[in-house]
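Residue numbers (our numbering): 303 to 576.
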């Protein structure tokens with residue numbers, strides 16, 4: 303998966319969240335906003351992620367707002383932003399505010415200024431790791447929830463943060479929202495924090511646990527159903543690969559640790575015989 307693929311997913315997620323993120327992350331109070339087409343007569347390698355015509359809620363001033371998402375420390379980012387600014391100023395002849403939201407793996411070292419003889423230019427760089435992940439997890443919007451993985455964990459283990467994100471998504475699923483698309487996107491975005499493997503494992507565990515708890519819900523009080531559920535887990539690839547401990551199975555099924563181990567021994571004997 304290339305850098306551009308990650309940025310495309312981010313862009314798809316952000317598009318419906320621009321009003322909230324502009325207010326929370328950029329700290330801007332806007333009365334209105336609408337997309338502005340970037341139709342120019344010059345050939346560019348890239349085009350702006352988001353270009354908007356906005357009106358300030360306090361001053362009523364209208365200006366152009368450009369928001370970019372960057373996953374790498376591009377040493378020529380300032381030159382690219384200057385190029386955008388020159389083109390947009392020439393076409394629209396109005397003020398422009400430019401922001402780059404950094405979502406990369408390491409610290410942001412992107413240059414934000416150009417200072418040359420008789421030339422001075424700057425834009426604002428914002429690192430999403432400067433924001434509390436918990437505020438994103440609490441959102442009711444799945445697009446915003448999965449972005450929590452790019453924020454500041456405040457000392458929490460990454461696996462704990464992943465677990466919280468998945469639990470929150472599952473809560474929304476219980477309300478009838480389809481979350482499978484967002485889980486796939488979370489797995490891809492997690493690679494920006496070197497957490498792809500941990501996220502994939504966590505999502506698989508959640509899917510298994512969710513199915514099993516639903517089985518138990520519908521089979522409550524039926525010993526036969528509980529035993530079938532226990533056998534289902536012990537036959538799963540995740541258990542056979544050592545990714546699910548006995549204690550976790552006991553917690554899910556309601557059997558004691560001793561009973562879980564006894565069932566496993568019985569199943570091994572059945573395999574030997576048959």
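Yeah, the Cβ is synthetic: ideal placement off N, Cα and C, and Gly gets one too.
On the DSSP letters alone, give me the boundaries of the alpha helix (DSSP H) that residue i sits inside.
| i | result |
| --- | --- |
| residue 475 | 460-476 |
| residue 541 | 539-542 |
| residue 340 | Looking at the DSSP string, residue 340 is not in any alpha helix (DSSP H), and its letter there is neither H nor E. |
| residue 451 | Note, residue 451: premise wrong, no alpha helix (DSSP H); not H, not E. |
| residue 439 | 435-439 |
| residue 324 | 320-326 |
Cβ of residue i within 8 Å of Cβ of residue j?
| i | j | result |
| --- | --- | --- |
| residue 456 | residue 434 | yes |
| residue 319 | residue 445 | yes |
| residue 407 | residue 351 | no |
| residue 427 | residue 388 | no |
| residue 368 | residue 353 | yes |
| residue 504 | residue 468 | yes |
| residue 532 | residue 557 | yes |
What would DSSP say about residue i, mapped onto helix, strand or coil?
| i | result |
| --- | --- |
| residue 550 | helix |
| residue 485 | helix |
| residue 495 | helix |
| residue 519 | For residue 519, the predicted structure reports a pLDDT of 48, less than 50, and the residue's modelled location is therefore unreliable. The matter cannot be settled from this model. |
| residue 419 | coil |
| residue 573 | helix |
| residue 398 | strand |
| residue 405 | coil |
| residue 424 | strand |
| residue 332 | strand |
Going by C-alpha distance, which of the options is nearest residue i?
| i | options | result |
| --- | --- | --- |
| residue 395 | 366, 383, 406 | 366 |
| residue 482 | 502, 454, 460, 425 | 502 |
| residue 463 | 477, 540, 438, 533 | 438 |
| residue 497 | 325, 422, 452, 552 | 452 |
| residue 488 | 568, 538, 466 | 466 |
| residue 495 | 534, 476, 508, 448 | 448 |
Label residue i either buried or exposed according to how many other C-beta atoms from any shown protein chain fall within 10 Å of its C-beta, with 16 as the threshold for buried.
| i | result |
| --- | --- |
| residue 479 | exposed |
| residue 359 | exposed |
| residue 418 | exposed |
| residue 346 | exposed |
| residue 432 | exposed |
| residue 470 | buried |
| residue 363 | exposed |
| residue 519 | Below a pLDDT of 50, predicted positions are generally treated as unreliable, and residue 519, at 48, falls in that range; the measurement from the model is reported next regardless. By the neighbour-count rule (16 or more Cβ atoms within 10 Å), residue 519 is not buried but exposed. |
| residue 331 | exposed |
| residue 370 | buried |
Assuming residue i is part of the beta strand (DSSP E), what are its boundary residues?
| i | result |
| --- | --- |
| residue 356 | 352-358 |
| residue 371 | 364-372 |
Would you say residue i faces chain C, with C-beta separation under 8 Å as the test?
| i | result |
| --- | --- |
| residue 415 | The structure shown contains no chain C, having only a single protein chain. |
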